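In full-length UniProt numbering, the protein residues as written are 1 to 181.
Heads up, the beta-carbon is just placed ideally off N, CA and C, and yes, glycines get one too.
Given the structure is predicted, the values throughout are model-derived calculations rather than measurements.
Just below is one structure, and these are the notes that go with it.
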């Protein structure tokens with residue numbers, strides 16, 4: 001018996017309703033155990049992702065298929081990955097760069113996103129950046145001792161600044177809490 005979600009997903013893919021095709025085909029991946037049916041669903045899902053503009057998901061699914069133990073699946077994944085690379089030349093490099101971020105880079109990226117959500121956070125970041133630039137300008141020598149001194153001064157000054165900022169925020173929240181009572 002054919003998988004109903006697979007049939008519905010293929011029909012939606014053929015009609016150009018990529019979003020609904022993705023829903024149906026992803027349901028196949030969750031519920032199906034037969035390897036042949038899973039492979040058909042994944043092949044269709046790559047096309048649906050591409051049609052819906054979800055290029056990263058399409059590329060990542062092809063990459064997963066190209067690592068399969070089955071020669072047929074691996075060959076299809078490799079071939080389709082090469083086709084995606086031809087159609088979207090910068091996609092692979094963007095994905096690979098994203099995968100190679102160090103833990104520090106990921107933390108910095110998360111902090112930048114956090115700061116961007118609030119104007120007060122942006123001004124805090126600008127002040128912190130000004131402290132860093134000022135310390136580096138005041139100590140242009142790059143000897144290890146000077147670098148350590150600069151980093152310590154930056155840490156100390158930003159800690160004091162953020163501590164003051166944090167206490168101002170705490171006081172404001174306390175005032176809001178008292179006003180509600």
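(message) Under DSSP, the alpha helix (DSSP H) around residue 15 begins and ends at which residues?
(response) Looking at the DSSP string, the run of the alpha helix (DSSP H) that includes residue 15 is 4-15.
(message) Given a cut-off of 8 Å on the beta-carbon distance, is the pair residue 182 and residue 58 in contact?
(response) The shown model of the chain, from 1 to 181, leaves out residue 182, and the question about it has no answer.
(request) Output the distance between the C-alpha atoms of residue 51 and residue 31, rounded to the nearest integer angstrom. (result) Whole-angstrom Cα-Cα distance: 24 Å.
(request) Excluding the 5 residues preceding and the 5 following residue 13 in the sequence, name in chain order all residues of the same chain whose CB lies nearer than 7 Å to its CB. (result) Once the five neighbours on either side are set aside, the close Cβ partners of residue 13 are 21, 44, 47 and 48.
(message) For residue 73 and residue 81, I'd like the C-alpha separation in whole angstroms.
(response) Counting only the Cα atoms, residue 81 lies some 12 Å from residue 73.
(request) Return the Cβ separation of residue 61 and residue 40 in integer angstroms, given the expectation that the two are a contact with Cβ distance under 8 Å. (result) About 13 Å separates the beta carbon of residue 61 from that of residue 40, a gap too long to meet the 8 Å contact definition.
(request) Would you mind sorting residue 86 into buried or exposed? The rule is 16 or more other CB atoms within 10 Å of its CB. (result) Result: exposed.
(message) Taking only three categories from DSSP, how would you classify residue 138?
(response) If DSSP states are grouped into helix, strand and coil, residue 138 belongs with the helices.
(message) Using beta carbons (cut-off 8 Å, strictly below), is residue 40 in contact with chain D?
(response) Note that chain D does not occur in the displayed structure, where there is just one protein chain.
(message) Tell me the rounded alpha-carbon separation between residue 146 and residue 159.
(response) When rounded, the separation of the alpha-carbon atoms in residue 146 and residue 159 is 20 Å.
(message) In this structure, how does DSSP classify residue 90 when only helix, strand and coil are distinguished?
(response) In this structure, residue 90 counts as coil in the three-state DSSP scheme.
(message) Short of 8 Å in beta carbon distance, which residues of its chain neighbour residue 16, apart from the five on each side in sequence? Order them along the chain.
(response) If we look at residue 16 and ignore the five residues flanking it on each side, its Cβ neighbours are 51.
(request) Compute the Euclidean distance between the alpha carbons of residue 70 and residue 38, then round it to the nearest angstrom. (result) Distance from the CA of residue 70 to the CA of residue 38, rounded to the nearest whole angstrom, comes to 13 Å.
(request) Following the continuous alpha helix (DSSP H) through residue 66, name the residue where it begins and the one where it ends. (result) From DSSP, the alpha helix (DSSP H) with residue 66 extends over 55-66.
(message) Within the continuous alpha helix (DSSP H) that includes residue 32, where are the two ends?
(response) Secondary structure note for residue 32: it is in no alpha helix (DSSP H), with a DSSP letter that is neither H nor E.
(message) As a quick exercise: from 56, 36, 140 and 173, pick the residue whose alpha carbon is nearest that of residue 89.
(response) Among 56, 36, 140 and 173, the Cα nearest to that of residue 89 is on 56.
(message) Rounded to whole angstroms, what is the Cα-Cα separation between residue 68 and residue 78?
(response) The alpha-carbon atoms of residue 68 and residue 78 are separated by roughly 10 Å.
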